[in-house]
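Just below is one structure, and these are the notes that go with it.
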Amino acid sequence: MAGFDTAISDQAGVLSGPLRAPKQMLAEQQYDGHTSIHDNATAQKLGFKGATIEGPTHFSQFVPLGYALWGELWLRRGCISAHYRAPVYEGEEVRAFMQRPENNGVQSEIWMLRANGDEILRGTAAVGPDFPPSALDVRLNGLAPLRDPVILAEVKVGMRSPRTPVSMSADQHMGALYPFSLAQKLTRITEPSAFYSGSDHVWRRPIVPIEMVSVLMQYSARDNSFKTRGPAVGLFADQEIRLFDGPVLVDEPYDIEREVVALTGSRRTESMWVRSTLYASGTERKVAAMLLNLATMKETYVAYAQEYAALYGPA
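For the record, in the sequence shown the residue sitting at position 42 is 68 according to my numbering, with numbers rising by one throughout.
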């Protein structure tokens, strides 16, 4: 089975797909009662030229490349790990690149470029079960812990959420964070595939695309969220999706558990790194995991300066 109709170029050991213009589907996204950077007005207030495409949307362009390298193993035990470096706006074209590993290796460097050459993301793709250190493993180990948190003052490394049942059906509306269904996404996904329809492949059931695994992992996040101060606007700065025993299937019951694994920051942001683990329902069998750096912008929290002074004294 071909799996994907994506035209793939292989030049000097680098696989690349065609230029694609991903679609914006989060214009109506809301959390904490306000819109996000995927809304034009909110994004422009924060210095972006418009609403941004959500980061994991770009993961779909790498899936045919990984499948070309590793076949079905990529769909069962693949990992994509990336640091987002620049936003993409609707109408812009981007291309995915994957370095062919030497000696039939299990890990590859990946990157994405805008049509003008601007780098959008960079990271690694790999297959397990024995995953090498990923791009985010390396990045996270090199980051200093967050000092003087305000937005994340009540959050501590090691906090866990209770396990929550989750699933994704084709027509299920995915809530305020993701105001669309899988069926709607599949009409706009950059790389369609028979794997997503459930026809003519070994699982005989529809597979959840890797970008929609991100949606599933976040589906109940607001119900079992860690206590942060707000409202404030955040963005995905780093993200990794890893399959241990995949693929993730449509209409399959799962349990999800979330854990804060790190708190980091920058001049403009406070970052909470959360690892969400997806289990086969009622078991300890890990199916997939997502590591997400949700970076919240200090400037969007109106009480930031006042609360910083109350916690730590004058800046």
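C-beta atoms are modelled at their ideal positions from N, C-alpha and C, and glycine is treated no differently.
These numbers come from a predicted model, not from an experiment.
Annotation note: the segment 91-131 contains the following uninterrupted alpha helix (DSSP H) runs of length 4 or greater, listed N- to C-terminal: 98-103. For M243, the enclosing alpha helix (DSSP H) begins and ends at 236-244. In its chain, beyond the 5 residues on either side, L178, L289, T290, G291, E296, S297 have a beta carbon closer than 8 Å to the beta carbon of L172. Taking C-beta atoms as the reference points, I233 and V89 fail to come closer than 7 Å. For N142, there is no enclosing alpha helix (DSSP H), since its DSSP letter is neither H nor E. Taking one beta carbon from each stretch, the segment 309-316 and the segment 326-341 have fewer than 3 pairs nearer than 8 Å; the two do not touch. Nearest in C-alpha terms to Y327, of all of E98, D281, H84, P175, is P175.
Restricting attention to beta strand (DSSP E) runs no shorter than 3 residues, the segment 162-204 encloses them at 190-192, ordered along the chain.
Taking C-beta atoms as the reference points, L41 and P273 fail to come closer than 7 Å. Residue nearest to G97 within the set N129, G117, V153 is V153 (criterion: CA-CA distance).
In the DSSP assignment, L318 falls outside any alpha helix (DSSP H) and lies within the beta strand (DSSP E) extending over 312-323. Inter-segment contact for the segment 128-145 and the segment 250-269 is absent: fewer than three beta-carbon pairs are separated by less than 8 Å. Take V228, set aside five residues on each side of it, and no residue of its chain has a beta-carbon closer than 6 Å to its own. Within the same chain, A288, W299 come within 7 Å of L166 by CB-CB distance, once the 5 residues on both sides are set aside.
Residue R231 holds the alpha-carbon nearest to the alpha-carbon of A196 among S86, Q37, R231. The DSSP-derived three-state label of V228 is coil.
M243 has its alpha-carbon roughly 33 Å from the corresponding atom of N142. If you draw a straight line from the Cα of V181 to the Cα of S251, it is about 10 Å long. Judged by DSSP in its simplified three-state form, Q210 adopts helix.
Note that the C-beta distance between I267 and V239 is below 7 Å. Inter-residue distance for Y245 and R46 is about 27 Å (C-alpha atoms, whole angstroms). The criterion of a C-beta distance shorter than 7 Å is not satisfied by A33 and P48.
In its chain, beyond the 5 residues on either side, I177 have a beta carbon closer than 6 Å to the beta carbon of R255. Secondary-structure assignment with DSSP links D281 through a beta bridge to P191, Y305. DSSP places S251 in the coil class of the three-state scheme, outside both helix and strand. Secondary structure of G81 (DSSP, three-state): helix. Taking C-beta separations shorter than 7 Å and ignoring five residues to either side along the sequence, the partners of S223 in its chain run P232, following chain order. Excluding the 5 residues flanking it on each side, L169 has same chain C-beta neighbours closer than 6 Å at T290, in chain order.
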